[in-house]
Structure formats: structure tokens, C-alpha cells
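So this is what it looks like as C-alpha cells:
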């Protein structure tokens, strides 16, 4: 596996909404000095001012709903990681999550919407691709540029559906020691994809064509990373996955 030293780089966790990013964020926080780790969850137009100040500090880790490109604010090397999720499931999960959380700033407005109305909003279409492209997606054909960004600028592109596999690759690359976890911000009251009409699922997929293509590419990237593991790393990955499948979340994994 890739054992290049990334420890001197500023880690940028590009946290996509409803992809398991909150759980990953909690894990990352335990592996960095709290004085050198910053969360940034602000509207994108506020980021230049925020990062202008951060770039002058001895920051080791930045996490948040950040678009690709914030590395340009730093005069030091940076390393990106992110998690992607099946786009249709992500939209459904986000809709029910917001409806379940009364303190969410969109709760009142989303309570007045059906899932069909919510998924049709422009801001909810191809969200993952837009994050990778720096916030803008003017054409679905731009997905190829997003693929190149994932391939060339991200140390690990994880998948929500392969969370433990993704976590293993990250902990190995960054030498994280504290990786025990419990899941956060799980959408508890929601309809499954099987309970939603095929017609609506088709609409969600149609409105997220770029995300679906990018997600398929991310699955290929992860599969290649796993196939490239040396025998010892492959064995350790299987052991790590098995422990977590059995509910092993309470101890430090070695």
C-alpha cells in the first residue's frame, strides 16, 4: 500500500453531507492535537476570509463541508481525503435526516416538502460532484474533471458502504492509533429505497447522473487500492473488517 509520508502535510477532510463524514470527523479529531485541528462549517462565500487566517497558523488538520480548492490557501503541502456515498441513498438519507432534526436550519422548510420536491431542488443535484469541482457544476460532462481530481489529488477516497475498509486505508496511511468509533448522525427514521416508488428513484438518479458516474469511479479506485495491498496488509484489512463486523468498536486496533 502507499506508505508515503503525509504526516507533514495539512490534512483536509472534505466532508460530504450524509456520507458518514461526522463519524470519520470524530475519529480524526482523536488523532490530532486539538489546538492544531479546525472544523470549518461555513457558507462557501465566507471561506476566503476564514482560510486567510488559518493559513498563518500551525494547522495540521481541517475538516468541514469544504469544496476542493481550499488547499490553495496554504503555503504548505496538503493532503485530501473524503467519503462518497451512493447518490440516490445519500439524497434520501439527507431528506429524512433534516426532517428528524428540529434544530437543523432547514428543518421547517423541508418539513413542508415531499421527497420528490426536495430531490428536485437544484442545490440537491449532483452535490458530491460539485464539491469535488470546487462548488460549481455547469455541465454533466465535467464529471471527467472531477474524476481526475479524485485520482490525482486525494490520498484516499472512501465509500460510506465500505466504511471500515476506507478507515483501514486511512489509518494505515496517516498512522492513526485511535480508530474505535460509534456511528454519529445516523438517520434513524427513514424509508428504505425499497419503500420508495421506482419512478421517484429514477427521478433521483436522473438528477444525479454526474454523482452516479463519479461514485462508480470511486468504487473502482477503492477496489484497485485493495487489490494492490501486499499480503500482510490484505490480511490485516480482513482482520480489521471482521472485528468491526462483530461489533468491535471499543478498543484501539493495532
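In our numbering, the protein residues as written are 48 to 301. Here a beta-carbon is modelled for each residue, glycine too, at the ideal position from N, C-alpha and C.
Presumed contact (8 Å Cβ cut-off) between residue 115 and residue 179, rounded CB distance: Going by Cβ atoms, the distance from residue 115 to residue 179 rounds to 5 Å, so yes, they are a contact pair.
Cβ-Cβ distance between residue 128 and residue 59 below 9 Å: yes
Whole-Å CB distance - residue 251 paired with residue 138, under 8 Å assumed: Contact holds; Cβ gap of about 5 Å.
Close Cβ partners of residue 301 (< 8 Å) along its chain, the five nearest in sequence each way excluded: Any reading at residue 301 must be qualified, since the residue scores a pLDDT of 29, below 50, and its modelled position is unreliable; no value is offered.
Segment contact flag, the segment 181–199 with the segment 95–112, C-beta cutoff 8 Å, min 3 pairs: no
Alpha-carbon spacing of residue 100 relative to residue 85, whole angstroms: 12 Å
Check: residue 254 C-beta below 8 Å from any heavy atom of the ligand ATP: Inclusion of the ligand ATP in the displayed structure is not the case, the ligand content being empty and no account of it being possible.
Whole-number beta carbon distance between residue 204 and residue 268, since they are thought to touch under 8 Å: 5 Å
DSSP-derived helix/strand/coil call for residue 32: Residue coverage of the chain in this structure runs from 48 to 301, which leaves residue 32 outside it and unanswerable.
With 16 other Cβ atoms within 10 Å as the buried cut-off, status of residue 277: exposed
Through-space distance from residue 167 to residue 146, alpha-carbon basis: 16 Å
Secondary structure of residue 138, DSSP reduced to three states: helix
Residue range of the unbroken beta strand (DSSP E) whose run includes residue 84: 84–86
Stretch pair the segment 246–260 + the segment 172–190: three plus CB contacts closer than 8 Å: yes
Neighbourhood of residue 279 by C-beta, 7 Å cutoff - its chain only, sequence neighbours within 5 removed: none
Within 9 Å, strictly: CB atoms of residue 112 and residue 64: Taking 9 Å as the Cβ cut-off, residue 112 and residue 64 qualify as a contacting pair.
Beta-carbon proximity check, residue 287 vs residue 214, cutoff 9 Å: yes
Cβ neighbour criterion (16 or more within 10 Å) applied to residue 191: exposed
Cutoff 8 Å; reference residue 158; Cβ partners in own chain excluding five residues on either side: Hits under 8 Å: 146.
For residue 244 and residue 56, the rounded distance between their alpha carbons: 46 Å
Beta-carbon contacts of residue 218 that lie in its chain and below 6 Å, excluding the five residues immediately before and after: Within the same chain, 226 come within 6 Å of residue 218 by CB-CB distance, once the 5 residues on both sides are set aside.
Bridge partner(s) assigned by DSSP for residue 60: 110, 128
Endpoints, the alpha helix (DSSP H) within which residue 205 is located: First-last for residue 205: 201–206, but that is the beta strand (DSSP E), not the alpha helix (DSSP H).
CA nearest to the CA of residue 240, picked from 176, 133, 194, 123: 133
Of the listed residues 224, 148, 125, nearest to residue 77 (C-alpha basis): Ranking the options by Cα distance to residue 77, first place goes to 224.
Continuous alpha helix (DSSP H) stretch holding residue 287: start and end: 278–292
9 Å Cβ cutoff met for residue 207 and residue 130: yes
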